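Each residue of the sequence shown is one higher than the last, beginning at 0 in numbering that gives the first Met the number 0.
Even glycine gets a Cβ: it sits at the ideal position worked out from N, Cα and C.
The model shown is predicted, which means the values in this text are computed figures rather than measured ones.
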Amino acid sequence: MSARQWVRPEVQAMSAYVVQDASGLIKLDAMENPFPLPPELAEELGKRLAAAALNRYPDAAASELVAALRQAFSLPREMQVLLGNGSDELIQIMALAVAKPGAALLSVEPAFVMFRHIAELVGLRYIGLPLKADFSLDEAAIIDAVNTHQPAIIFLACPNNPTGNLFDLDAVERIAKAAHGLVVVDEAYTAFSRESFLSRMGRHPNVVLMRTLSKLGLAGLRVGYLTGTADWLQEFEKVRLPYNINVLTQTAARFALEHIEVLNGQARTLVAERTSLHAALAAVPGVTVYPSEANFLLFRVGDAEGVFTRLKSRKILVKNVSRAHPLLAGCLRVSLGTPAENAAFMDALKASL
Ligand SMILES: *Cc1c(COP(=O)(O)O)cnc(C)c1O
Numbered sequence: 000m001s002a003r004q005w006v007r008p009e010v011q012a013m014s015a016y017v018v019q020d021a022s023g024l025i026k027l028d029a030m031e032n033p034f035p036l037p038p039e040l041a042e043e044l045g046k047r048l049a050a051a052a053l054n055r056y057p058d059a060a061a062s063e064l065v066a067a068l069r070q071a072f073s074l075p076r077e078m079q080v081l082l083g084n085g086s087d088e089l090i091q092i093m094a095l096a097v098a099k100p101g102a103a104l105l106s107v108e109p110a111f112v113m114f115r116h117i118a119e120l121v122g123l124r125y126i127g128l129p130l131k132a133d134f135s136l137d138e139a140a141i142i143d144a145v146n147t148h149q150p151a152i153i154f155l156a157c158p159n160n161p162t163g164n165l166f167d168l169d170a171v172e173r174i175a176k177a178a179h180g181l182v183v184v185d186e187a188y189t190a191f192s193r194e195s196f197l198s199r200m201g202r203h204p205n206v207v208l209m210r211t212l213s214k215l216g217l218a219g220l221r222v223g224y225l226t227g228t229a230d231w232l233q234e235f236e237k238v239r240l241p242y243n244i245n246v247l248t249q250t251a252a253r254f255a256l257e258h259i260e261v262l263n264g265q266a267r268t269l270v271a272e273r274t275s276l277h278a279a280l281a282a283v284p285g286v287t288v289y290p291s292e293a294n295f296l297l298f299r300v301g302d303a304e305g306v307f308t309r310l311k312s313r314k315i316l317v318k319n320v321s322r323a324h325p326l327l328a329g330c331l332r333v334s335l336g337t338p339a340e341n342a343a344f345m346d347a348l349k350a351s352l
């Protein structure tokens, strides 16, 4: 009569995604934008939300939000757009759609943990190929694995999480050419990155681009978007649950996109903070900090456990990624905060080494 008798063994073998308790701490663990909406905008948003029709189901196609996204991010007219309750849901939708018996999902390691988690959940064979020591793509190994395993779907986050570097987009294009199935370029951090795959999309009908509003300052809304050819997106549309973007999210996201210059300004501030924090970390003996095109920095300290615990006792919460993959031994990941939070982090770090 117990759950163990009925729940699929692969689900029983999984562990739930753990979110660290951040109460009372400076939260630098989850790549959130540290800046709230300016008060006058928050007030205007309140009025919009108050007028939203909560008694009605949301617009199932979220057409006005889609139009606002197309406009704000200059998405090519000929591409379709599909929305997810965060890009996490888009990963799940795509994985569910391709999960034939024996099909494989390929990604690199270390990478975003949801690729593997969702592969296991939907019964896709997971293939995780290690990055090189400098966290760049091992292009030859990937193309080899593509030919051997013929994965239905390949996930590459550009920039990558948790390493922060942007992969060589020419290499991504060569992988897309070699791929038999779909390649998902995950640009969760595009607001902080020099380069996007968007302008290369037209050359690769088997590439879809996945982005999110989370890292740009709207993590609480849960809006991810996917853009690509109708060939793929019309199939994914069938997997999406009809009302996955709720009324309050559609209203708030449309409002935020009307003021996209505020969010873009915050992103520029964070990019400037990244430069100073990178320099500050690089100047500390015993710390190695890696290049980043995202709103976080990966750094190596040796005793990651100890430093993590001492930072936490000084009210700073970062992410301990040191046990996530051998390439990350001794590594911690810190999201960029406000200038004051970053200064507090640096003080606490120096006292914690
Ligand atoms: C944060 C993150 C996501 C998930 O974003 P949501 O839209 O909040 O679900 C996807 N991919 C990568 C690489 C991320 O770091």
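{"Item": "From V222 to T337, what distance separates their C-alpha atoms?", "Value": "23 Å"}
{"Item": "Taking L352 as the reference, which of C157, A303 and F191 has the closest Cα?", "Value": "A303"}
{"Item": "State the beta-bridge partners of K26 as determined by DSSP.", "Value": "L316"}
{"Item": "Within 10 angstroms of the Cβ of A350, are there 16 or more other Cβ atoms? Answer buried if so, exposed if not.", "Value": "exposed"}
{"Item": "Report whether the distance from the Cβ of A251 to the nearest heavy atom of ligand 1 is below 7 Å.", "Value": "no"}
{"Item": "Would you verify that the beta carbon of A271 is, or is not, closer than 8 Å to some beta carbon of chain C?", "Value": "Given the protein chain composition of this structure (a single chain), no chain C is represented."}
{"Item": "When you compare only the Cα positions, how much space is there between S1 and Q19?", "Value": "29 Å"}
{"Item": "For ligand 1, is there a heavy atom less than 7 Å away from the beta-carbon of N146?", "Value": "no"}
{"Item": "In its own chain, which residues sit with a C-beta less than 7 Å from the C-beta of N341, not counting the 5 before and 5 after it?", "Value": "E272, L276 and L335"}
{"Item": "Just to confirm, is the Cβ distance from I244 to P38 under 8 Å?", "Value": "no"}
{"Item": "Should the segment 114-123 be regarded as contacting the segment 157-168, the criterion being three or more beta carbon pairs within less than 8 Å?", "Value": "no"}
{"Item": "Does DSSP put V300 in a helix, a strand or coil?", "Value": "coil"}
{"Item": "For the alpha helix (DSSP H) that A41 lies in, which residues bound it at each end?", "Value": "P38 to A49"}
{"Item": "Just list the residues that DSSP pairs L129 with in beta bridges.", "Value": "It should be pointed out that residue 129 corresponds to Pro in this sequence rather than to Leu. Its beta-bridge partners are E108."}
{"Item": "So, A175 versus H203, is the Cβ gap smaller than 8 Å?", "Value": "yes"}
{"Item": "Can you find at least 3 beta carbon pairs, one from the segment 5-16 and one from the segment 306-315, that sit closer than 8 Å?", "Value": "no"}
{"Item": "The alpha helix (DSSP H) with G264 in it runs from where to where?", "Value": "I259 to A281"}
{"Item": "Quick one: Cα of L105 to Cα of T308, how far?", "Value": "34 Å"}
{"Item": "Which of the three DSSP states is assigned to V17 in this structure?", "Value": "coil"}
{"Item": "When DSSP labels each residue in this structure, what does A61 get in the three-state scheme?", "Value": "coil"}
{"Item": "Output the distance between the C-alpha atoms of K26 and L316, rounded to the nearest integer angstrom.", "Value": "5 Å"}
{"Item": "Report the three-state DSSP secondary structure of M345 (helix, strand or coil).", "Value": "helix"}
{"Item": "Below 8 Å, can you find three or more Cβ-Cβ pairs linking the segment 262-272 to the segment 75-92?", "Value": "no"}
{"Item": "Leaving out the 5 sequence neighbours to the left and right, which residues in its chain are closer than 8 Å to L370 when beta-carbon positions are compared?", "Value": "Absent from the model: residue 370. The displayed extent of the chain is 0 to 352, so no value can be given."}
{"Item": "Between A61 and Q249, how many whole angstroms is the CB-CB distance? I'm expecting something under 8 Å.", "Value": "5 Å"}
{"Item": "Alpha carbon to alpha carbon, how far is N319 from A52?", "Value": "42 Å"}
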